[in-house]
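**Student:** Count along the sequence shown from 1, add 512, and you get the number used in my numbering.
This is the structure, below, for whatever I ask next.
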Amino acid sequence: MNDPHASNHPRKFVLGVSGASGAAYSLRFLQAMLEQGHEMHLVVSEYGRRLLFEESGIKHLTIEELAPGLAGDAGVRSRLFVHPDKDVGAVIASGSFLHSGMAILPCSSTTLGQVATGSGSNLLCRAAMVTLKERRPLIICHREMPLSLIDIENMRQATLAGAVMCSPNPGFYLNPRSVEEIVDFVVGKVMDLLHVPHSLKTRWESTLARPATTMPS
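Okay, structure coming up:
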């Protein structure tokens, strides 16, 4: 990845999970970041916990359930920190906690509205607002559709405050052959925005670099 800001060195990131559909995205993102050696601070809203259970059967926010393939790695276990959403005094709610960026994946309209207006009273929204205050990357992956004017105005306000709106819309130009490839495309986009190098299949190859083919008549 030719990104001048990208770094292969382990860093700290915050992941917020709210109650919009898309558990597969958050779990794959968490796995990919932990595999690369990054320290991950996870906060899940009340409805986010319901989402994880209904879409992925997760009852407890443990490494065994969130990333079972990595549970046996003591190094990975020591790099995952789960913060209760009602603990507004947690470290990620402080601007003095240095990290390299936060993603809300997925982000519900309610969470988007709270971040955009600075009215959130839970840890997820407070962590997001602190990220904006400290001028760190905040990637908001709003999943709801269609959009109301309220959503659009909240997106505008969040963008003006410094957030990046990254709707989880997969590209099909790479001809994905599985749901996993579609998920990887979205996760790779979020990692790009956080300047995290990766090898997920997201890159468009110019037709100039491809063998010539005959177009169907």
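The beta carbon of each residue, even a glycine, is placed where N, CA and C say it ideally should be.
Just so you know, these numbers come straight off a predicted model, no measurement behind them.
My guess is that Gly560 and Ser530 are in contact by the Cβ rule of under 8 Å, so how many angstroms apart are they, rounded?
**Tutor:** Rounded, the Cβ-Cβ distance is 5 Å, consistent with contact.
**Student:** I think Gln626 touches Leu582, with their Cβ atoms under 8 Å apart; what is that distance to the nearest whole Å?
**Tutor:** That belief does not hold up - the Cβ atoms of Gln626 and Leu582 are roughly 31 Å apart, past 8 Å.
**Student:** Spell out the partners DSSP gives Met614 in its beta bridges.
**Tutor:** Beta-bridge pairing links Met614 to Val526 and Leu650.
**Student:** What's the C-alpha gap between Tyr537 and Leu527?
**Tutor:** Using only the alpha carbons, I get a separation of about 11 Å.
**Student:** If we count Cβ pairs, one from each stretch, closer than 8 Å, do we get three or more for the region 607 to 615 versus the region 562 to 579?
**Tutor:** Output reads no: the region 562 to 579 does not touch the region 607 to 615.
**Student:** Look up Glu665 in the DSSP assignment and give the residues it is bridged to.
**Tutor:** Looking at the DSSP assignment, Glu665 forms no beta bridge with any residue, so it has no partner.
**Student:** Report the option in Leu672, Cys653 and His595 whose CA atom is closest to the CA atom of Ser557.
**Tutor:** Cα-wise, what sits closest to Ser557 is His595.
**Student:** By Cβ distance, which residues of its chain are closer than 6 Å to Ser620, with the 5 residues on each side in sequence left out?
**Tutor:** Ser530, Gly531 and Ala532, listed in sequence order.
**Student:** For Phe684, count neighbouring Cβ atoms within 10 angstroms of its own Cβ and tell me buried if that reaches 16, exposed if not.
**Tutor:** It is exposed - the Cβ of Phe684 has fewer than 16 other Cβ atoms within 10 Å.
**Student:** What three-state label does DSSP hand Val627 in the structure shown?
**Tutor:** Correct three-state label for Val627: helix.
**Student:** Might you give, ordered along the chain, the residues of its own chain that have their beta carbon closer than 8 Å to the beta carbon of Asn681, omitting 5 neighbours on each side?
**Tutor:** Correct list, in chain order: Val698.
**Student:** Smallest Cα separation from Arg523: which of Glu656, Pro709, Gln669 and Arg715?
**Tutor:** Closest by alpha carbon: Pro709.
**Student:** Can you give the Cα-Cα distance for Val515 and Glu547, rounded to whole angstroms?
**Tutor:** According to the sequence displayed, residue 515 carries Asp and not Val. Roughly 20 Å between the two C-alpha positions.
**Student:** Which residues in the same chain as Pro628 place their Cβ atom closer than 7 Å to its Cβ, once the five residues preceding and following it in sequence are excluded?
**Tutor:** According to the sequence as given, residue 628 is Ala; it is not Pro. Around Ala628: Asn666, Gln669 and Ala670.
**Student:** Could you pull the DSSP bridge partners for Leu592 from this structure?
**Tutor:** Bridge partners of Leu592: Met552.
**Student:** What does Cys619 pair with, by DSSP beta-bridge criteria?
**Tutor:** In DSSP, Cys619 forms a bridge with His654.
**Student:** Since Leu650 contacts Val702 with CB under 8 Å, what's their CB separation in whole angstroms?
**Tutor:** With a Cβ gap of about 11 Å, Leu650 and Val702 do not count as contacting.
**Student:** Closer than 7 Å by C-beta to Glu486: which residues in its own chain qualify, once you throw out the five before and the five after it? Chain order, please.
**Tutor:** Here the chain has residues from 513 to 729 only, and residue 486 is not among them.
**Student:** Identify which residue in Leu712, Leu539 and Met545 has its Cα closest to the Cα of His521.
**Tutor:** Comparing Cα-Cα distances from His521 to each of Leu712, Leu539 and Met545, the minimum goes to Met545.
**Student:** For Phe541, which residues of its own chain have a beta-carbon under 8 Å away from its beta-carbon, when the five flanking residues on both sides are left out?
**Tutor:** If we look at Phe541 and ignore the five residues flanking it on each side, its Cβ neighbours are Leu527, Ala615, Leu617, Val699, Val702 and Met703.
**Student:** May I have the straight-line CA-CA distance separating Asp598 from Ala605, to the nearest angstrom?
**Tutor:** According to the sequence displayed, residue 598 carries Lys and not Asp. In a straight line, the C-alpha of Lys598 is about 11 Å away from that of Ala605.
**Student:** Just grab the DSSP bridge partners of Val699 for me.
**Tutor:** DSSP output for Val699 lists no bridge partner at all.
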